[in-house]
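Residue numbers (the numbering used here): 26 to 261.
Quick reminder that beta carbons are idealized off the backbone N, C-alpha and C, glycines included.
The structure under discussion appears below in the form of structure tokens.
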């Protein structure tokens with residue numbers, strides 16, 4: 026299936042299986058995402074967005090169903106193999122930034138490359154280039170507590186791009202930011218999508234941001250209830 030970078034069939038996720046408290050979070054998700062797509066996943070709190078994000082990012086395993094990521098069936102992978110896939114195939118951007126407090130911006134961006142075994146000189150050079158790309162070239166030595174929310178998120182995006190993954194997975198990336206700063210972050214995603222052809226999956230509760238993506242997928246009670254085109258561009 027060339028061109029499909031994410032292919033999910035019948036993805037079910039239950040918790041507390043076999044107990045009276047058993048929870049059915051995802052109820053048979055079928056989702057195909059083409060290489061270079063910019064999609065958003067929207068839904069109310071409790072719709073299963075975060076659980077679906079964890080499945081797409083192989084942070085958690087489904088109870089049942091098939092997931093093929095960039096041509097690789099994930100079901101039989103060991104935890105170490107899944108960890109390797111997360112490091113090389115997917116760049117994560119979280120609402121809470123998830124930067125290492127003791128590390129400056131440069132070292133935070135270097136981290137995925139360190140795990141991937143890249144030599145120090147190369148990873149430092151790439152980290153500097155990525156910080157320049159996101160407009161943070163003059164903040165390389167700053168620690169997270171010396172940066173604003175928007176600056177932290179830009180460092181987090183640079184870190185997500187470190188190993189040049191084909192997929193960016195962004196979970197409410199503007200949720201902790203004011204609207205002007207959120208606009209800067211979304212503009213960065215548009216630039217990376219258009220310039221580098223990254224596949225971007227944006228989890229958001231904001232319908233205006235969702236509308237900027239090429240495709241809007243709506244979740245309700247663990248099922249996909251809508252899948253339609255978005256405008257694919259920022260609101261004027």
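Checklist entry - How many angstroms separate the CA atom of residue 242 from the CA atom of residue 250? => result For the purposes of this step, residue 242 is identified with residue 217 of the chain shown, where counting begins at 1. For the purposes of this step, residue 250 is identified with residue 225 of the chain shown, where counting begins at 1. Rounded to the nearest angstrom, the two C-alpha atoms are 8 Å apart.
Item to check | Continuous alpha helix (DSSP H) assignments of at least 4 residues falling wholly in the segment 130-204 | outcome: 130-140, 145-158, 174-185
Next on the checklist: Within 10 Å of its beta-carbon, does residue 205 have 16 or more other beta-carbons around it, so buried, or fewer, so exposed?
Outcome noted: The residue given as residue 205 occupies position 180 in the chain shown. Label assigned to residue 205: exposed.
Item to check | Own chain, CB closer than 8 Å to residue 10, minus 5 neighbours either side, in chain order | outcome: For the chain, the structure presents residues 26 to 261; residue 10 sits outside this window and is missing.
Checklist entry - Alpha carbon to alpha carbon, how far is residue 187 from residue 252? => result Position 162 of the chain shown holds residue 187. Position 227 of the chain shown holds residue 252. Approximately 31 Å between the Cα atoms of the pair.
Checklist entry - Quick one: what's got a C-beta closer than 8 Å to residue 85's C-beta in the same chain, skipping five residues either side? => result Residue numbering aside, residue 85 sits at position 60 when the chain shown is read from its first letter. So the qualifying residues of the chain are 38, 76, 79.
Next on the checklist: Assuming contact is defined by CB atoms lying nearer than 8 Å, are residue 36 and residue 48 in contact in what I supplied?
Outcome noted: Taking the first residue of the chain shown as position 1, residue 36 is located at position 11. Taking the first residue of the chain shown as position 1, residue 48 is located at position 23. No, they are not a contact pair.
Next on the checklist: By the DSSP assignment, the alpha helix (DSSP H) with residue 227 in it spans what residues?
Outcome noted: Residue 227 sits at position 202 when you count from the first residue of the chain shown. Where residue 227 is concerned, there is no enclosing alpha helix (DSSP H), although the beta strand (DSSP E) it sits in stretches over 224-228.
Next on the checklist: Using the three-state DSSP reduction, which class does residue 98 fall into: helix, strand or coil?
Outcome noted: Within the chain shown, numbered from 1, the residue matching residue 98 stands at position 73. In the structure shown, residue 98 sits in a strand (DSSP, three-state: E or B).
Item to check | residue 183 and residue 209 closer than 8 Å at C-beta | outcome: As a first step, residue 183 must be located in the chain shown, where it is residue number 158. As a first step, residue 209 must be located in the chain shown, where it is residue number 184. Their beta carbons are not under 8 Å apart, which means residue 183 does not touch residue 209 by this criterion.
Next on the checklist: Tell me the residue span of the alpha helix (DSSP H) that contains residue 284.
Outcome noted: With the chain covering 26 to 261 only, the question about residue 284 has no answer from this structure.
Next on the checklist: Alpha carbons only, please: which of 118, 145, 62 is nearest the one belonging to residue 185?
Outcome noted: Residue numbering aside, residue 185 sits at position 160 when the chain shown is read from its first letter. With distances taken between Cα atoms, residue 185 lies closest to 118.
Item to check | Top-ranked residue by Cα proximity to residue 222, from 214, 228, 236 | outcome: For the purposes of this step, residue 222 is taken as the residue at position 197 of the chain shown. The option with the nearest alpha carbon to residue 222 is 214.
Checklist entry - Under a Cβ-count criterion, where at least 16 other Cβ atoms within 10 Å of its own Cβ denotes burial, should residue 127 be classed as buried or exposed? => result As a working mapping, residue 127 is identified with position 102 in the chain shown. The residue in question, residue 127, is exposed, as its Cβ has fewer than 16 Cβ neighbours within 10 Å.
Checklist entry - Going along the chain, which residues of its own chain have a beta-carbon closer than 6 Å to the beta-carbon of residue 40, five neighbours each way excluded? => result On the chain shown, position 15 is the one that residue 40 refers to. So the list reads 48, once near-sequence residues are dropped.
Next on the checklist: Tell me the rounded alpha-carbon separation between residue 164 and residue 130.
Outcome noted: Counted from its first residue, the chain shown places residue 164 at position 139. Counted from its first residue, the chain shown places residue 130 at position 105. Cα to Cα, residue 164 sits roughly 7 Å from residue 130.
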